[in-house]
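**Q** The following block contains the structure, expressed as structure tokens.
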Amino acid sequence: MSGMGLAFKIAWRNIGRHKGKSLVIGMILFIGTLLMTVGNGMISGMEHGMSENIVKLFTGDLIVISDEQEKNDVLIGSMSAKPLKVIKNYEAAKVVLENEELIADYLPATSGLVYVLNDRSEMGSMYLLGVDIDRYRRMFPDSIQITEGRPFEVGERGLLISEEIRKPFYDFVEYWLIPEGEELDESKLPEDAKADLVNLDVRSDLVFMGASVANSTMDIRVPVTGVMKYKALNKIWGSYCLVDIESFREAHNYVTGADSAVDLSEAEADLLATENLEDLFAGGDLFADVITEESITLEELQQETARASGDYDLDDGSYNLAFIKLKKGVSPQAAAAKINGVFQEQGLEVRVISWKDAVGIIGNMAVMVKAALNLFIMFIFFV
Numbered sequence: 130m131s132g133m134g135l136a137f138k139i140a141w142r143n144i145g146r147h148k149g150k151s152l153v154i155g156m157i158l159f160i161g162t163l164l165m166t167v168g169n170g171m172i173s174g175m176e177h178g179m180s181e182n183i184v185k186l187f188t189g190d191l192i193v194i195s196d197e198q199e200k201n202d203v204l205i206g207s208m209s210a211k212p213l214k215v216i217k218n219y220e221a222a223k224v225v226l227e228n229e230e231l232i233a234d235y236l237p238a239t240s241g242l243v244y245v246l247n248d249r250s251e252m253g254s255m256y257l258l259g260v261d262i263d264r265y266r267r268m269f270p271d272s273i274q275i276t277e278g279r280p281f282e283v284g285e286r287g288l289l290i291s292e293e294i295r296k297p298f299y300d301f302v303e304y305w306l307i308p309e310g311e312e313l314d315e316s317k318l319p320e321d322a323k324a325d326l327v328n329l330d331v332r333s334d335l336v337f338m339g340a341s342v343a344n345s346t347m348d349i350r351v352p353v354t355g356v357m358k359y360k361a362l363n364k365i366w367g368s369y370c371l372v373d374i375e376s377f378r379e380a381h382n383y384v385t386g387a388d389s390a391v392d393l394s395e396a397e398a399d400l401l402a403t404e405n406l407e408d409l410f411a412g413g414d415l416f417a418d419v420i421t422e423e424s425i426t427l428e429e430l431q432q433e434t435a436r437a438s439g440d441y442d443l444d445d446g447s448y449n450l451a452f453i454k455l456k457k458g459v460s461p462q463a464a465a466a467k468i469n470g471v472f473q474e475q476g477l478e479v480r481v482i483s484w485k486d487a488v489g490i491i492g493n494m495a496v497m498v499k500a501a502l503n504l505f506i507m508f509i510f511f512v
């Protein structure tokens with residue numbers, strides 16, 4: 130008898146003697162292999178679908194941020210009151226983006242927290258994405274669905290509140306938001322509001338101010354023009370409401386597009402371009418780069434350059450990020466390396482990061498689920 134035949138004979142004899150143990154071990158191996166195969170396949174599919182939805186509907190492939198920004202998780206992955214750093218030389222970065230052949234489209238925007246003032250209870254808060262609404266809908270045409278009211282127009286002050294936060298916002302500030310000019314839809318109310326309709330406080334605008342560590346923000350009143358929901362990942366992305374970018378800028382004391390319609394001296398323009406009052410006191414050259422012939426404060430200058438009427442270029446105002454969509458088939462890693470190389474060559478204080486870096490832990494959710502599954506399978510095998 131050959132060595133192989135002897136080995137099979139011994140194996141079958143051991144199986145016959147230990148049928149119960151052999152069956153249990155076989156089932157463990159089968160279940161573990163099945164879980165690994167099916168589970169990894171499902172997780173890979175989930176990762177692909179989530180990545181495609183986030184890129185297509187929310188962030189694009191790459192995101193431009195200030196080089197002074199300490200952390201890359203600038204979006205929903207790390208929501209905090211600390212404002213993002215303003216892109217100081219957006220005009221130069223814009224030229225790079227427009228001339229880059231790998232880019233299909235891009236959307237400059239502002240993102241951050243605002244505090245909602247309230248005369249009945251404590252202040253509320255919400256996260257806003259300040260955008261040129263036409264460019265937003267061109268960049269992400271399938272991103273949102275208007276469920277009440279209408280989107281605000283370009284040049285119009287307005288807010289699209291997310292369905293996902295309207296209910297918790299009501300619980301905190303004790304009033305229900307509806308679009309301006311619309312009737313109350315009682316079917317959308319939470320049960321406690323339906324039970325006390327007589328005393329329900331219904332409003333169609335918000336008064337909010339930007340969140341800033343420098344205390345240099347201002348409060349503005351913005352009408353609610355519509356209610357929206359995101360067509361995918363609404364539970365995650367619904368934390369963001371959309372607002373016209375000029376209102377966001379005014380609330381945070383950023384330079385607005387309308388500021389360009391006012392004649393300013395070079396020194397006044399430098400003063401207005403500072404991100405916040407702390408910038409004026411940073412470093413050893415106090416007021417060396419931002420000093421005017423006349424005594425004027427940042428707040429006074431901001432009021433002087435309040436939103437002007439008529440045509441103006443929104444790109445003349447401040448941004449703190451920009452979403453980039455690449456052409457089909459372009460590698461995001463290669464594109465990021467190329468664009469960052471151009472930024473560095475020109476000495477621009479900006480950088481490009483991946484969408485996964487921007488959304489933080491959410492971008493790596495599938496990886497964590499896959500790791501947990503593999504650990505569970507290893508545990509089964511060891512047991």
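Counting from 130, one number per residue, gives the positions in the sequence shown under my numbering. The beta-carbon is built from N, C-alpha and C at its ideal position, and this holds for glycine as well. Keep in mind that this is a model prediction, so the values were computed, not measured.
With a threshold of 16 other CB atoms inside 10 Å of the CB of L326, please say whether the residue is buried or exposed.
**A** exposed
**Q** Identify every run of the beta strand (DSSP E) within the stretch 302–350, keeping only runs that are complete inside it and at least 3 residues long; order them along the chain.
**A** Whole beta strand (DSSP E) segments, 3+ residues: 334–339.
**Q** If contacts are defined as beta-carbon pairs under 8 angstroms, then P237 and D444 qualify, I think. What distance do you get, rounded to the angstrom?
**A** 7 angstroms
**Q** Can you say whether D330 is buried or exposed, counting buried as having 16 or more other CB atoms within 10 angstroms of its CB?
**A** A residue is called buried once 16 or more other Cβ atoms fall within 10 Å of its Cβ, and D330, having fewer, is exposed.
**Q** In this structure, what does DSSP give as the bridge partners for S250?
**A** Partner(s): none; S250 has no beta bridge.
**Q** In angstroms, rounded to a whole number, what distance separates the CA positions of L450 and M357?
**A** 23 angstroms
**Q** For F410, count neighbouring Cβ atoms within 10 angstroms of its own Cβ and tell me buried if that reaches 16, exposed if not.
**A** Only weak support exists for where F410 lies, its pLDDT of 41 falling under 50; the value from the coordinates is given anyway. Burial call: exposed.
**Q** Taking buried to mean at least 16 other C-beta atoms within 10 Å of its own C-beta, is G241 buried or exposed?
**A** Classification of G241: buried, given that the 10 Å Cβ count is 16 or more.
**Q** Within its chain, find whatever has a CB closer than 7 angstroms to the CB of N247; leave out the 5 residues flanking it on each side and keep chain order.
**A** G253, V302
**Q** I want to see whether chain D comes within less than 7 angstroms of L226, judged by CB atoms only; does it?
**A** The structure shown has no chain D; it contains just one protein chain.
**Q** Measure the Cβ-Cβ separation of I275 and G355 and say whether it is below 7 angstroms.
**A** yes
**Q** Please state whether DSSP places K296 in a helix, a strand or coil.
**A** helix
**Q** Rounded to a whole number of angstroms, what is the C-alpha to C-alpha distance between E407 and V203?
**A** At E407, the pLDDT of 44 sits below 50, so the modelled position is not reliable; the number obtained from the coordinates is stated separately. Distance between E407 and V203, taken at the CA atoms: about 21 angstroms.
**Q** Of all the options F281, D263, R378, which has the alpha carbon lying nearest to the alpha carbon of I216?
**A** R378
**Q** Straight-line CA distance for K454 to G287?
**A** 26 angstroms
**Q** Quick check on the burial criterion: 16 or more other C-beta atoms within 10 angstroms. Buried or exposed for R295?
**A** By the neighbour-count criterion, in which 16 or more other beta carbons inside 10 Å mark a residue as buried, R295 falls on the buried side.
**Q** Alpha carbon to alpha carbon, how far is H381 from V225? Give it in angstroms, no decimals.
**A** 27 angstroms
**Q** Are K485 and A233 touching if we call contact CB-CB under 7 angstroms?
**A** no
**Q** May I ask which residues mark the beginning and end of the alpha helix (DSSP H) holding R266?
**A** 262–268
**Q** Can you give the beta carbon distance from A222 to F472, rounded, assuming they're within the 8 angstroms contact cut?
**A** 7 angstroms
**Q** So the candidates are E478, S483, V479; which of them puts its Cα closest to the Cα of A463?
**A** S483
**Q** What does DSSP give as the partner residues of I194 in its beta bridges?
**A** R480
**Q** From what residue to what residue does the beta strand (DSSP E) around E277 run?
**A** For E277, the uninterrupted beta strand (DSSP E) segment begins and ends at 273–278.
**Q** Check for me: the alpha helix (DSSP H) holding Y244 runs from which residue to which?
**A** No alpha helix (DSSP H) contains Y244, which is instead part of the beta strand (DSSP E) from 232–245.
**Q** Do S333 and I365 have their C-beta atoms within less than 7 angstroms of each other?
**A** no
**Q** When you compare the CB positions of Y359 and Y256, do they come within less than 7 angstroms of one another, or not?
**A** The answer is no: Cβ separation not under 7 angstroms.
**Q** By how many angstroms is the C-alpha of E199 removed from the C-alpha of L318?
**A** Cα to Cα, the separation comes out at about 41 angstroms.
**Q** Can you check which of these residues, Y383, D442, G489, N363, is closest to S291 by C-alpha distance?
**A** N363
**Q** Tell me which residue opens and which closes the alpha helix (DSSP H) that L226 is part of.
**A** Run containing L226: 219–228, per the alpha helix (DSSP H) assignment.
**Q** Between the Cα of V481 and those of Y219, A487, A465, G489, spot the shortest distance and give me the residue it belongs to.
**A** A465
**Q** Can you give me the start and stop residues for the alpha helix (DSSP H) that V471 sits inside?
**A** 461–474
**Q** Count the other C-beta atoms from every protein chain shown that fall within 10 angstroms of the C-beta of A324, then say buried if there are 16 or more, exposed otherwise.
**A** By the neighbour-count rule (16 or more Cβ atoms within 10 Å), A324 is not buried but exposed.
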